[in-house]
């Protein structure tokens, strides 16, 4: 019976015109759709047809450093996530809407207000992916000549999330009266200034948006470093991550969930969803050929420069068929530590040459690629899910719109038939889809504490 | 012939559940609609049916200071404007979408990116109302204990707009190739870092969004002080303003348009739209009764506290039926100077008591209220328009949704019959509706200059 089984949670990850780095060159890809609303509307409606928990949009508020390669050969342009999600809210009715906003380059009052607004206008479907932004060049678009240190970015992020959740709680649920006869709009005693004074932020509040349908929008995070895990264990409700093997995924799953108790949280208050890039064929050979075809569309300079960027070393100075050079530990770098470590571990474990490493990671940017038949892909997802590797997946279609269509039409029905996945939404909010309760309102907890 | 006449431009101004301060208590008002998307969707679609140039959303990222009055008796809660406009973009096809974002509490890279995204997703209908934010308490939501001085706010605003327009120009129109065969996505030589280093901002660029359908989103401003007028004369394409008499409107119109030449701009590159709050009745007496009914719904403490806030003096310490006390010149205050001066001038000119001043300004917040038959209202609009008072109006329905429905159904047809107003959109972008050309790309101008 589907009802008694633990259920998979799925995100549909929007990324340009597809996740494969050469997606835009793939014949079936609608590359012209990049800035038309209809392209994203089709994506969101297809994902909703597939009963996904949510769509997810990443973000970096900058273009990558080397315009010669990034702009000439890849698709680094993006619509701003909240603009896009708000548009999609009005053409969907159930699916969750998760968007990324950096805590390093934003103000908490703006972020709290935007996601609260989206939660109201979508009737309870908003989620915020709080990231610290690892790409150094971003700092130069925001008046800073140097990127903040990794640890300082996380300290700022923690305080930022603290301020945002306080603002979301600043209106109690029953503050609004809206009584035309007496003229009482709201009970001022249930609307709280937050009076936050901290290291990074001073914010008075209250928010100018009342408490939202979900109580609070869902909190998402994506960092996998030790610092990132503690941050997630304390506050995140969904974590996106990237692993190549089930063993890595299991170790991370146990490590992160194991940290939650010290923050007074139970393991089911957080869902872990690794990214997966599925390349689907009706036969395995067809899928492998499709993957090879995508890989052939990657211009060599693009892959090399991409991996060089992640590893913070110019690999073009080394022989392509020689070994990946020795690299320092993640602790010594000031960037996206978990992605860095993933590549270093992969190169060491499999003793890869530079050419091999580039081929392996350019496609899915470090995420797991699975190419095979729908049954093989469903089997892989089930295996990670039932063996303690995850609570679901963030699905990364290699090219669009076809990559998502195929997943929804061919893989979802298998997962449903196996009782692993919903055949209809049972709730209306993203919290309901994910099985997440609403965190208690801080101001009510405080009041209770004072009475006790 | 309609074609040969100069045409009125109209904005439909969204403000809570209506512009009258007591709108929410009015029997016909849909007060529950405040945070439902369908409420705003109906507003936008009605305005589009009325062939309005644009809808317009104001913004203050804070609640007013005195929660006891503001939250208890008025409707200070709002959805964040860009969230709302993006949602409305997908349920409309022609009408312009103008939203307010403060230059005092934002980062130019974010603002440039959001409006560029909205311009793409709406196919050329975005406009940014750049305001400096006059409400002092806002500063406390953004880490500042004191509000920036009026003049510093404008200096920051000028640099802010300079950065934003440079970012909008950072992709040349023909930079995108999107050539699948060769793998060339964009011409890196036509994508420019802006390398801005100024007093308030250091921004490297380029924007991560290519040049938009309108070239640049339309620039709106609303300040009417001397500093505000110079800023508008230099950069604004639409100006919202508030006047009580045709003479004031004419003087402002001449003053602002007269300043444009010194910035190398022609008078038709800027449209001036005063706000008007129409109270419509099938007979004049019915309209006056409706206005009186709305006015009776204003609780006395609300009006007094609102006017006290604008005048920066606690009027409850003075006799209600005594004269408005002497007040300093606008030059000496650090807030919304033009609204302040408007009230001071009105009180002096008409020798109003405090009670009379409160009654006059609480309804429309200083904007012009016209109550009368559809013919009388159309006549008033025509008179200001043909006598050099304005290029059109920002229509402020007193209550919603009825106030806009009535205007579209009863006043618009009269304006159309008189040949003053479009019966169908002739273009698809907001620039086309307003008859505004696209400003030249700064990087092309620079290149031309270097070649000459």
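Protein chains in written order, with the numbering used here: chain P, 1 to 452; chain Y, 1 to 452. Idealized CB from N, CA, C, for every residue including glycine.
- Task: Report the rounded CA-to-CA distance for residue 409 of chain P versus residue 372 of chain P, giving the unit in angstroms.
- Result: Position 409 of the first chain holds residue 409 of chain P. Position 372 of the first chain holds residue 372 of chain P. Cα-Cα distance, rounded: 15 Å.
- Given residue 36 of chain Y as reference, the closest of P:119, P:83, P:12 and P:114 once Cα atoms are compared: Residue numbering aside, residue 36 of chain Y sits at position 36 when the second chain is read from its first letter. Measuring from the Cα of residue 36 of chain Y, the nearest candidate turns out to be P:119.
- How would you write the range of the beta strand (DSSP E) that residue 368 of chain Y sits in, first residue to last? Position 368 of the second chain holds residue 368 of chain Y. 368-372 is the extent of the beta strand (DSSP E) around residue 368 of chain Y.
- Continuous beta strand (DSSP E) stretch holding residue 272 of chain Y: start and end: Within the second chain, residue 272 of chain Y is the residue found at index 272, counting from 1. Following the DSSP letters along the chain, one finds residue 272 of chain Y inside the beta strand (DSSP E) bounded by residues 271-280.
- Drop a sphere of 10 angstroms on the beta-carbon of residue 331 of chain P, count the other beta-carbons inside from all chains shown, and report buried for 16 or more, exposed for fewer. For the purposes of this step, residue 331 of chain P is taken as residue 331 along the first chain, with counting starting at 1. Flag for residue 331 of chain P reads exposed.
- When we look at the beta-carbon of residue 262 of chain P and count the other beta-carbons within 10 Å, is it buried (16 or more) or exposed? Numbered from its first residue, the first chain carries residue 262 of chain P at position 262. Exposed, since its Cβ has fewer than 16 Cβ neighbours within 10 Å.
- Item | Length at least 3, wholly inside the stretch 124-193 of chain Y: the beta strand (DSSP E) runs in chain order | 126-131, 176-179 and 184-186
- Query: Nearest CA to the CA of residue 355 of chain Y: which residue from Y:14, Y:301, Y:418 and Y:333?
  - Reply: To locate residue 355 of chain Y, count along the second chain from 1; it is residue 355. Comparing Cα positions, the closest option is Y:301.
- Message: Strictly by DSSP, which residues pair up with residue 212 of chain P?
- Response: On the first chain, residue 212 of chain P is found 212 positions in, with the first residue counted as 1. Beta-bridge partners assigned by DSSP to residue 212 of chain P: P:215.
- Are residue 57 of chain Y and residue 47 of chain Y close, meaning C-beta to C-beta below 9 Å? By 1-based counting over the second chain, the position of residue 57 of chain Y is 57. By 1-based counting over the second chain, the position of residue 47 of chain Y is 47. Going by C-beta atoms, residue 57 of chain Y is not nearer than 9 Å to residue 47 of chain Y.
- Query: Can you tell me whether residue 305 of chain P is buried or exposed, with buried defined as 16 or more other CB within 10 angstroms of its CB?
  - Reply: Looking up residue 305 of chain P in the first chain gives position 305. Residue 305 of chain P comes out buried.
- Along the alpha helix (DSSP H) that carries residue 87 of chain Y, what are the first and last residues, could you check? In the second chain, counting from the first residue as 1, residue 87 of chain Y sits at position 87. Its alpha helix (DSSP H) spans residues 81-89.
- Query: Just how far apart, CA to CA, sit residue 291 of chain P and residue 104 of chain Y?
  - Reply: Residue numbering aside, residue 291 of chain P sits at position 291 when the first chain is read from its first letter. Residue numbering aside, residue 104 of chain Y sits at position 104 when the second chain is read from its first letter. Looking at the two C-alpha atoms, the distance is approximately 49 Å.
- Item | First through last residue of the beta strand (DSSP E) which encompasses residue 110 of chain Y | Here residue 110 of chain Y corresponds to residue number 110 of the second chain, with the count starting at 1. Run containing residue 110 of chain Y: none in the beta strand (DSSP E); it sits in the alpha helix (DSSP H), 108-121.
- Query: For residue 438 of chain P, which of helix, strand or coil comes out of DSSP?
  - Reply: Stepping through the first chain from its first residue, residue 438 of chain P is reached at position 438. Residue 438 of chain P falls in the coil class under three-state DSSP.
- Item | Residue closest to residue 116 of chain P, alpha-carbon to alpha-carbon, out of Y:90, Y:82 and Y:260 | Locating residue 116 of chain P in the first chain gives position 116, where the first residue counts as 1. Ranking Y:90, Y:82 and Y:260 by Cα distance to residue 116 of chain P puts Y:82 first.
- Message: Just to make sure I have the definition right: I need the residues of chain P whose C-beta is within less than 8 Å of the C-beta of residue 24 of chain Y. Which are they?
- Response: If you number the second chain from 1, residue 24 of chain Y lands on position 24. Residues of chain P passing the Cβ test: 178, 180 and 185.
- Query: Which residues in chain P sit within 9 Å of residue 121 of chain Y, going by Cβ to Cβ distance?
  - Reply: Against the second chain, residue 121 of chain Y aligns to sequence position 121. Going along chain P in sequence order, the residues near residue 121 of chain Y (Cβ under 9 Å) are 35, 36, 37, 40, 79, 83, 84 and 87.
- Query: Can you round the beta-carbon distance between residue 428 of chain P and residue 123 of chain P to whole angstroms, since I take them to be within the 8 Å contact cut?
  - Reply: Reading the first chain from its first residue, position 428 is the one you call residue 428 of chain P. Reading the first chain from its first residue, position 123 is the one you call residue 123 of chain P. So it is a contact: roughly 7 Å between Cβ atoms.
- For residue 358 of chain Y, does the three-state DSSP call read helix, strand or coil? On the second chain, position 358 is the one that residue 358 of chain Y refers to. If DSSP states are grouped into helix, strand and coil, residue 358 of chain Y belongs with the helices.
- Query: Candidates P:343, P:351 and P:333: which alpha carbon is nearest residue 321 of chain P's?
  - Reply: The count along the first chain starts at 1 and reaches residue 321 of chain P at position 321. Closest option to residue 321 of chain P, Cα to Cα, is P:351.
- Test item: CB-CB of residue 231 of chain Y and residue 274 of chain Y under 9 Å: In the second chain, counting from the first residue as 1, residue 231 of chain Y sits at position 231. In the second chain, counting from the first residue as 1, residue 274 of chain Y sits at position 274. No, they are not a contact pair.
- Item | Contacts that residue 401 of chain Y makes with chain P (C-beta to C-beta distance below 8 Å) | Counting from one through the second chain, the residue named residue 401 of chain Y turns up at place 401. Ordered by position in chain P, no residue passes the 8 Å Cβ test against residue 401 of chain Y, which lies about 16 Å from the chain.
- Would you tell me roughly how many angstroms separate the C-alpha atoms of residue 435 of chain P and residue 7 of chain P, rounded to the nearest one? Within the first chain, the letter at position 435 stands for residue 435 of chain P. Within the first chain, the letter at position 7 stands for residue 7 of chain P. Distance between the alpha carbons of residue 435 of chain P and residue 7 of chain P is about 10 Å.
- Task: Report yes if the CB atom of residue 209 of chain P is closer than 9 Å to the CB atom of residue 71 of chain Y, and no otherwise.
- Result: As a first step, residue 209 of chain P is located in the first chain; it is residue number 209 there, counting from the start. As a first step, residue 71 of chain Y is located in the second chain; it is residue number 71 there, counting from the start. For residue 209 of chain P and residue 71 of chain Y, no; Cβs fall outside 9 Å.
- Message: I'd like to know whether the C-beta atoms of residue 9 of chain P and residue 391 of chain P end up nearer to each other than 9 Å.
- Response: Counted from its first residue, the first chain places residue 9 of chain P at position 9. Counted from its first residue, the first chain places residue 391 of chain P at position 391. Yes; because the gap between Cβ atoms is below 9 Å, this pair is in contact.
- Message: Quick check on residue 234 of chain P - is its C-beta less than 9 Å from some C-beta in chain Y?
- Response: The count along the first chain starts at 1 and reaches residue 234 of chain P at position 234. No, no contact with chain Y.
- Query: Could one say the Cβ of residue 255 of chain P lies closer than 9 Å to chain Y's Cβ atoms, at least one of them?
  - Reply: Within the first chain, residue 255 of chain P is the residue found at index 255, counting from 1. Answer no: the Cβ-Cβ gap between residue 255 of chain P and chain Y never drops below 9 Å.
- By DSSP, does residue 338 of chain P sit in helix, in strand, or in coil? As a first step, residue 338 of chain P is located in the first chain; it is residue number 338 there, counting from the start. Three-state DSSP puts residue 338 of chain P in a helix.
- Message: Using 8 Å for Cβ pairs, my map puts residue 164 of chain Y next to residue 206 of chain Y. What's the rounded Cβ distance?
- Response: Working through the second chain from its first residue, we reach residue 164 of chain Y at position 164. Working through the second chain from its first residue, we reach residue 206 of chain Y at position 206. At roughly 13 Å, the Cβ-Cβ gap does not stay under 8 Å, so residue 164 of chain Y and residue 206 of chain Y are not in contact.
- Would you tell me roughly how many angstroms separate the C-alpha atoms of residue 18 of chain Y and residue 59 of chain Y, rounded to the nearest one? Looking up residue 18 of chain Y in the second chain gives position 18. Looking up residue 59 of chain Y in the second chain gives position 59. Rounded to the nearest angstrom, the two C-alpha atoms are 14 Å apart.
- Counted within 10 angstroms of its Cβ, other Cβ atoms place residue 2 of chain P as buried (16 or more) or exposed: Start at 1 with the first residue of the first chain, and residue 2 of chain P comes out as number 2. With a pLDDT of only 42 at residue 2 of chain P, under 50, the local geometry of the prediction cannot be trusted, and the value read off the model is given with reservation. So residue 2 of chain P ends up on the exposed side.
- Pick from P:250, P:217 and P:349: whose alpha carbon is nearest that of residue 383 of chain P? As a first step, residue 383 of chain P must be located in the first chain, where it is residue number 383. Minimum Cα distance to residue 383 of chain P is reached at P:250.
- Message: Strictly by DSSP, which residues pair up with residue 54 of chain Y?
- Response: Residue numbering aside, residue 54 of chain Y sits at position 54 when the second chain is read from its first letter. According to DSSP, which records beta bridges pairwise, residue 54 of chain Y is partnered with Y:11 and Y:96.
- Item | Cα-Cα separation, residue 367 of chain Y to residue 244 of chain Y | Against the second chain, residue 367 of chain Y aligns to sequence position 367. Against the second chain, residue 244 of chain Y aligns to sequence position 244. Residue 367 of chain Y and residue 244 of chain Y: Cα-Cα distance of roughly 7 Å.
- Are residue 380 of chain P and residue 276 of chain P close, meaning C-beta to C-beta below 9 Å? Here residue 380 of chain P refers to the residue found at position 380 of the first chain. Here residue 276 of chain P refers to the residue found at position 276 of the first chain. In this structure, residue 276 of chain P lies closer than 9 Å to residue 380 of chain P by Cβ.
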